[in-house]
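Novice:
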Amino acid sequence: MRVPLSWLREYVETAATPAEIARRLTVSSLEIERVIEVGVSDFDGNLGHFVVGRVLAADPHPNADRLQLCQVDVGNPEPQQIVCGAWNFGAGATVAVGLPGALLPGFAGPLEERPLRGEVSRGMILAEDEIGLGQDHSGIMLLPDGLEPGTPLADVLPLVDHVLDATPTMNRPDLLSMVGLAREVAALCDGALRLPDPEDPPVTSPEAVDVAVEDFGGCPRYIGRGFRNVRVGPSPQWLRTRLHLAGMRSISNVVDVTNYVMHVWGSPLHAFDRAKLAGGRIVVRRAHEGETLRTLDGTERVLLPADLLITDGEKAVALAAIMGGLDSEVSDETTDVLLEAANFEPIGILKTSERLALRTEGSNKWEKGVDPHAAEPAAVLASRLLVDLAGAEPTGSVDVNDGLPERPVVTLRPERSRAVIGLDVPDAEQRSILERLEFEVDEGWQVTVPTFRARDVTREIDVVEEVARVVLDRVPRTMPLRRAVAGHLTAEQRFRRVLEDVVVGAGYSEAYTWSLVPSDPDPAALRLPDPMSGEHAVLRTTLLHGLVEAARVNVDAGNSDIRLFEMARVYLPSGEQLPDERWYLGGIAEGGFAAARGALEAIYGTFHLPLETRRTTLPHLHPGKAAETDAGWLGELHPALLEGTWGVFELDVARLQAPRPERILYEDVITYPAVRQDVAVVVDEDVEAGSIVDVAREAGGAELRDAYIFDVYHGDQVPEGRKSVAVHLAFQASDRTLTDEEADAARARVVEALRNRFGAELRG
Amino acid sequence: MDVEALEQAALAAVAAASSTDAIESVRVEYLGRKSELKLALREVRDRETGMTLNAARERIEAAVGARESELERAELDRRLAEERADVTLPVGGYERGHLHLITQIRREVEDIFLGLGYGVVDGREVESTHYNFDGLNFPPGHPARSPLASLFLDADTLLRTETSPSQVRTMEAQDPPVYIVSLGRVYRRDTPDATHTPVFHQVEGLAVDEGITLADLTGTLDFLFKALFGQERRTEFRTHYFPFTEPSIEAYVSCHVCDGAGCPVCRHSGWIEVGGAGMVDPKLFEFAGYDPERYSGFAFGWGLERIAMLRHEFPDLRELWRNDLRFSGQF
Numbered sequence: 008m009r010v011p012l013s014w015l016r017e018y019v020e021t022a023a024t025p026a027e028i029a030r031r032l033t034v035s036s037l038e039i040e041r042v043i044e045v046g047v048s049d050f051d052g053n054l055g056h057f058v059v060g061r062v063l064a065a066d067p068h069p070n071a072d073r074l075q076l077c078q079v080d081v082g083n084p085e086p087q088q089i090v091c092g093a094w095n096f097g098a099g100a101t102v103a104v105g106l107p108g109a110l111l112p113g114f115a116g117p118l119e120e121r122p123l124r125g126e127v128s129r130g131m132i133l134a135e136d137e138i139g140l141g142q143d144h145s146g147i148m149l150l151p152d153g154l155e156p157g158t159p160l161a162d163v164l165p166l167v168d169h170v171l172d173a174t175p176t177m178n179r180p181d182l183l184s185m186v187g188l189a190r191e192v193a194a195l196c197d198g199a200l201r202l203p204d205p206e207d208p209p210v211t212s213p214e215a216v217d218v219a220v221e222d223f224g225g226c227p228r229y230i231g232r233g234f235r236n237v238r239v240g241p242s243p244q245w246l247r248t249r250l251h252l253a254g255m256r257s258i259s260n261v262v263d264v265t266n267y268v269m270h271v272w273g274s275p276l277h278a279f280d281r282a283k284l285a286g287g288r289i290v291v292r293r294a295h296e297g298e299t300l301r302t303l304d305g306t307e308r309v310l311l312p313a314d315l316l317i318t319d320g321e322k323a324v325a326l327a328a329i330m331g332g333l334d335s336e337v338s339d340e341t342t343d344v345l346l347e348a349a350n351f352e353p354i355g356i357l358k359t360s361e362r363l364a365l366r367t368e369g370s371n372k373w374e375k376g377v378d379p380h381a382a383e384p385a386a387v388l389a390s391r392l393l394v395d396l397a398g399a400e401p402t403g404s405v406d407v408n409d410g411l412p413e414r415p416v417v418t419l420r421p422e423r424s425r426a427v428i429g430l431d432v433p434d435a436e437q438r439s440i441l442e443r444l445e446f447e448v449d450e451g452w453q454v455t456v457p458t459f460r461a462r463d464v465t466r467e468i469d470v471v472e473e474v475a476r477v478v479l480d481r482v483p484r485t486m487p488l489r490r491a492v493a494g495h496l497t498a499e500q501r502f503r504r505v506l507e508d509v510v511v512g513a514g515y516s517e518a519y520t521w522s523l524v525p526s527d528p529d530p531a532a533l534r535l536p537d538p539m540s541g542e543h544a545v546l547r548t549t550l551l552h553g554l555v556e557a558a559r560v561n562v563d564a565g566n567s568d569i570r571l572f573e574m575a576r577v578y579l580p581s582g583e584q585l586p587d588e589r590w591y592l593g594g595i596a597e598g599g600f601a602a603a604r605g606a607l608e609a610i611y612g613t614f615h616l617p618l619e620t621r622r623t624t625l626p627h628l629h630p631g632k633a634a635e636t637d638a639g640w641l642g643e644l645h646p647a648l649l650e651g652t653w654g655v656f657e658l659d660v661a662r663l664q665a666p667r668p669e670r671i672l673y674e675d676v677i678t679y680p681a682v683r684q685d686v687a688v689v690v691d692e693d694v695e696a697g698s699i700v701d702v703a704r705e706a707g708g709a710e711l712r713d714a715y716i717f718d719v720y721h722g723d724q725v726p727e728g729r730k731s732v733a734v735h736l737a738f739q740a741s742d743r744t745l746t747d748e749e750a751d752a753a754r755a756r757v758v759e760a761l762r763n764r765f766g767a768e769l770r771g
Numbered sequence: 035m036d037v038e039a040l041e042q043a044a045l046a047a048v049a050a051a052s053s054t055d056a057i058e059s060v061r062v063e064y065l066g067r068k069s070e071l072k073l074a075l076r077e078v079r080d081r082e083t084g085m086t087l088n089a090a091r092e093r094i095e096a097a098v099g100a101r102e103s104e105l106e107r108a109e110l111d112r113r114l115a116e117e118r119a120d121v122t123l124p125v126g127g128y129e130r131g132h133l134h135l136i137t138q139i140r141r142e143v144e145d146i147f148l149g150l151g152y153g154v155v156d157g158r159e160v161e162s163t164h165y166n167f168d169g170l171n172f173p174p175g176h177p178a179r180s181p182l183a184s185l186f187l188d189a190d191t192l193l194r195t196e197t198s199p200s201q202v203r204t205m206e207a208q209d210p211p212v213y214i215v216s217l218g219r220v221y222r223r224d225t226p227d228a229t230h231t232p233v234f235h236q237v238e239g240l241a242v243d244e245g246i247t248l249a250d251l252t253g254t255l256d257f258l259f260k261a262l263f264g265q266e267r268r269t270e271f272r273t274h275y276f277p278f279t280e281p282s283i284e285a286y287v288s289c290h291v292c293d294g295a296g297c298p299v300c301r302h303s304g305w306i307e308v309g310g311a312g313m314v315d316p317k318l319f320e321f322a323g324y325d326p327e328r329y330s331g332f333a334f335g336w337g338l339e340r341i342a343m344l345r346h347e348f349p350d351l352r353e354l355w356r357n358d359l360r361f362s363g364q365f
């Protein structure tokens, strides 16, 4: 919301500077995005170059068809000759004049006396856009008659102004109005409030205003006012300028009045051309299924029974609170006006405007909740202005409502405020803060909430907040006392951290990829019914897709040594409302199966877990290079998924951690040294290393402390279809040194078992 | 045999030896099996001669040993003086990766709060509207409840829009005192651009105890921001609105780039908005069955990406999700 301070200061008298006002509001009330300086520079007496002028004569320029040669009284004995390109005035007009030396916004240098087509022009008759008071450049500004020539223009128009760009939080729709902000500034900056309170113009030609509300739930209040002999035309300069500074466009005096009053009171109004309403009536009701309305923007809207309509009893004339209908719009021909100052319930309005993707200044206010009490002063101010600016004759007024909401009454314990805030705010100060915010506080601390805060302040804590926000700058910085509190990571959290560190140590960099993927191998994976895009439609059950894409990004970037991992949730369908969310660790690395296996060896080794891998087939893996473990899978990525030779793996972190012993028991491996023996056996090509070690361990018995394969050899020394496998065996007992005979016997058992199981031949 | 002359000759030879090879020859000549001394010792028949010869042998041995050490040390020094490695030549060989920037910040924040006695809670990401909205006192019609703002799986289930549901679950599961932080992914229907991604990370904090005040909240956040952005930072708090806290505030920290003077990072305001906070609304205590007269609490929450962007000044949030090693390897 744009808040011109010149306008705000009409409602609140304060010595505070623009910066002070912005600062106090920022801390205690609402966000001030910025303070915009507008208008002409007041540097070095520049304002003195702008004065009111009266045109004494305006004749065609002798040498130019498009120019007028004017003699203008600017308060000097001699008239000022000014050449002007506009034609919307003549002799007698009161105008704004920039004298030689005036610096205009957007001009590189000051105005100079200079000849124009042979006639000296000593200044400029100003259009509103030339000094930042509007956007119109179709003619010069016409000021009200009766202003004395030579009057400083700054006394008549806000030549220099500051505009606050203010954004209230959603609980403060009352701050979407000049009046609301004036109240806040009065309370925070010790100002005197002077709210607009014009005389309600008397009815001059009485005629009943016929309003019926069929749905008070959607429309708790409807004030209708009739006007006759309305003269639609342009708005006066002051109104055009205020609307401009507030970020609105001037349309016509009638429409401008509704927008202006909306900005003042925060309660949107609408003006209908009453001649277009059948019988001049208003009926507020819900739409019929499939009913249509052409709104002001020219769009045909198809409506649902949830949508609230303003009708004339026969047809829809406005989409309540959102946009008027095209057919009942006020136009230049309009003479009879029906003014709507109503109140609408927020949620229904929000739903309709969201469904139709139709957000307007009005709907934006209604959907946050507007004080129903604001409708009346808004109706009065609008009537006053219609009479004053458009010569309207009031014909009558009706206020249809189902009773206005009561003001909430809340009991405040001032000690409660102090306990919540942690600052000693004395009783008297709390009372004074609340009273300045227009809360009534009685002797027993019964607090009556003003109508414009009735939605937001209903409980003691809400009143405490009112005190807290005003003293927020003074709140000290303390720390909780923290009795009986100890912070630590859980075993699972520590495990995940170590896991991350191990994988990083193995050369993998951590990737973050989307939880939502285009598709998932699990057909039951959870699917968003209305995703943002097809790329983010399904909640993944595997990290693989994201990692493959991340690897592809790095390949395309020309990076080398690509190794990536991710530790994140997957979402397994559970049959319940909420999926089973599990932490998975996934990885991808250049180098094929060995790269994946290497990472898993590092992980399992770190946690002293045996890495037991079994051959498997999975659609995303190379069919001959795929394995599973108790916690997941590893393998070579199927080359159809990404060019190159990639190792990939994925582990369920909880399943990985589950077999980890709570503590590791000491074993004496120092006192009695191991007897180490290597054997090389020749076996068929398809005998797997894992099964050789398994058989060796089984045959070697308890004293076989360690068994691993340290070499696999194919070649001339070994027959076709066979391979030589070198196994390292370490025999050790924890209570004695094994004799060579004992070790030899154990070794022989191993060799014998390998022969029986695999037809293994001992190599010389 | 003239033992004295022999000893003199031996000691002279020791002194003259100029290499370890030469001293070895001296050892062989005077102390070896066929040396005059060894042969003489073998012939000894009387105690006195034996003692004299042995004493001479020990002295020669000591001299040889000492000279040998000296020469070895000199030879080592000579060799070392000649050996030289190019200490600037990289050797490679140790692979290491990098934790994601957000993980680094997550751990940093977790560690700060672990030090303050907070636990870390892993919330869940797919939530019911009960925990994501109702239990957090979101009024009907709040914009976040709209499918235009949030990602729904069905009418009652959605991807959590903030980490705050973990507050409700924690309070349901345990009695006060509660001191927790919860960090993780949250989801909004935001079109990805330089400052928005539909998935991002939040940190959520909750403290519920007897006597917790708004001043405790501002003090805790002041501590946190100084830990994250530097001890010389100042903090400021401004009134705000959230459905689940009352009073609600927004926290600002003085700009770490310009220290408040105004620069592009703080958009010339001198202050940087970090996130929202407030005193836990008593409504939430009702849901949890806590006595709001006995207990009070504070909560806060904001995006980790924001901290990352502010600290490292990279221009586009989407880089955090592209995983280009040229980007991630910088941190």
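Just so you know, the protein sequences line up as chains R and D, in that order. Under the numbering used here, think of the first position of the first sequence as 8, with each following residue one higher. Under the numbering used here, think of the first position of the second sequence as 35, with each following residue one higher. Positions of the beta carbon are idealized from the N, C-alpha and C atoms, including for glycine.
#1: By alpha-carbon positions, which one of R:522, R:739 and R:446 ends up nearest to residue 231 (chain D)?
#2: Go to residue 630 (chain R), then tell me how far its alpha helix (DSSP H) extends in each direction, as first and last residue.
#3: Rounded to whole angstroms, what is the Cα-Cα separation between residue 317 (chain R) and residue 226 (chain R)?
#4: What is the DSSP secondary structure of residue 320 (chain R), counted as helix, strand or coil?
#5: Run through the DSSP bridge pairs and tell me what residue 597 (chain R) is partnered with.
#6: Helix, strand or coil for residue 588 (chain R) per DSSP?
#7: Taking Cβ positions only, does residue 209 (chain D) come closer than 8 Å to chain R?
#8: I need the straight-line Cα distance from residue 171 (chain R) to residue 17 (chain R), nearest angstrom please.
#9: Does the stretch 600 to 610 of chain R come within contact of the stretch 633 to 646 of chain R, defined as at least 3 CB pairs closer than 8 Å?
#10: Given a cut-off of 8 Å on the beta-carbon distance, is the pair residue 249 (chain R) and residue 267 (chain R) in contact?
#11: If we call anything under 8 Å between Cβ atoms a contact, is residue 342 (chain D) one with residue 148 (chain D)?
#12: Can you confirm whether residue 249 (chain D), when its beta carbon is compared against all beta carbons of chain R, has any partner nearer than 8 Å?
#13: Taking three-plus beta-carbon pairs below 8 Å as touching, is the stretch 344 to 360 of chain R in contact with the stretch 271 to 281 of chain R?
#14: When you check each C-beta in the stretch 507 to 524 of chain R against every C-beta of chain D, which residues fall closer than 9 Å?
#15: If we ignore side chains and look at the alpha-carbon of each, how far apart do residue 155 (chain D) and residue 186 (chain D) end up?
#16: Within 8 Å, do at least three Cβ pairs link the stretch 472 to 481 of chain R to the stretch 571 to 591 of chain R?
#17: Tell me, please, whether the CB atom of residue 429 (chain R) is closer than 8 Å to any CB atom in chain D?
#18: Name the chain D residues that come within less than 8 Å of residue 560 (chain R), Cβ to Cβ?
#19: If we count the other Cβ atoms within 10 Å of its Cβ and call it buried at 16 or more, is residue 449 (chain R) buried or exposed?
#20: Would you call the CB atoms of residue 581 (chain R) and residue 674 (chain R) closer than 8 Å?
#21: With a threshold of 8 Å, are at least 3 pairs of Cβ atoms found where one atom belongs to the stretch 506 to 516 of chain R and the other to the stretch 239 to 249 of chain D?
#22: How long is the line joining the alpha carbons of residue 293 (chain D) and residue 260 (chain D), rounded to whole angstroms?
#23: Taking one C-beta from the stretch 651 to 669 of chain R and one from the stretch 629 to 639 of chain R each time, how about it: are there three or more such pairs within less than 8 Å?
#24: Between the stretch 689 to 706 of chain R and the stretch 661 to 668 of chain R, are three or more C-beta pairs nearer than 8 Å?
#25: Can you tell me whether residue 241 (chain D) is helix, strand or coil according to DSSP?
#26: Considering only heavy atoms of the ligand GDP, does any lie closer than 7 Å to the CB of residue 13 (chain R)?
#27: Starting from residue 148 (chain R), trace the alpha helix (DSSP H) in both directions and tell me its first and last residue.
#28: Within 10 angstroms of its Cβ, does residue 89 (chain R) collect 16 or more other Cβ (buried), or is it exposed?
#29: Quick one, which residues of the stretch 18 to 36 of chain R are near chain D if we go by CB-CB under 7 Å, in chain order?
#30: What are the partner residues of residue 313 (chain D), as DSSP defines its beta bridges?
#31: Name, please, each residue of chain D whose Cβ falls closer than 7 Å to the Cβ of residue 493 (chain R).
Specialist: Looking at the coordinates:
#1: R:522
#2: Here residue 630 (chain R) belongs to no alpha helix (DSSP H); instead the beta strand (DSSP E) covers 628 to 636.
#3: 10 Å
#4: coil
#5: R:653
#6: strand
#7: no
#8: 15 Å
#9: yes
#10: yes
#11: no
#12: yes
#13: yes
#14: 507, 508, 510, 511, 512, 513, 514, 515, 516, 517, 518, 519, 520, 521, 522 and 523
#15: 24 Å
#16: no
#17: yes
#18: 356, 357 and 358
#19: exposed
#20: no
#21: no
#22: 13 Å
#23: yes
#24: no
#25: strand
#26: Among the ligands in the structure shown, none appear at all, so the ligand GDP cannot be discussed.
#27: Element bounds for residue 148 (chain R): n/a, residue is neither H nor E.
#28: buried
#29: 33, 34, 35 and 36
#30: D:332
#31: 151
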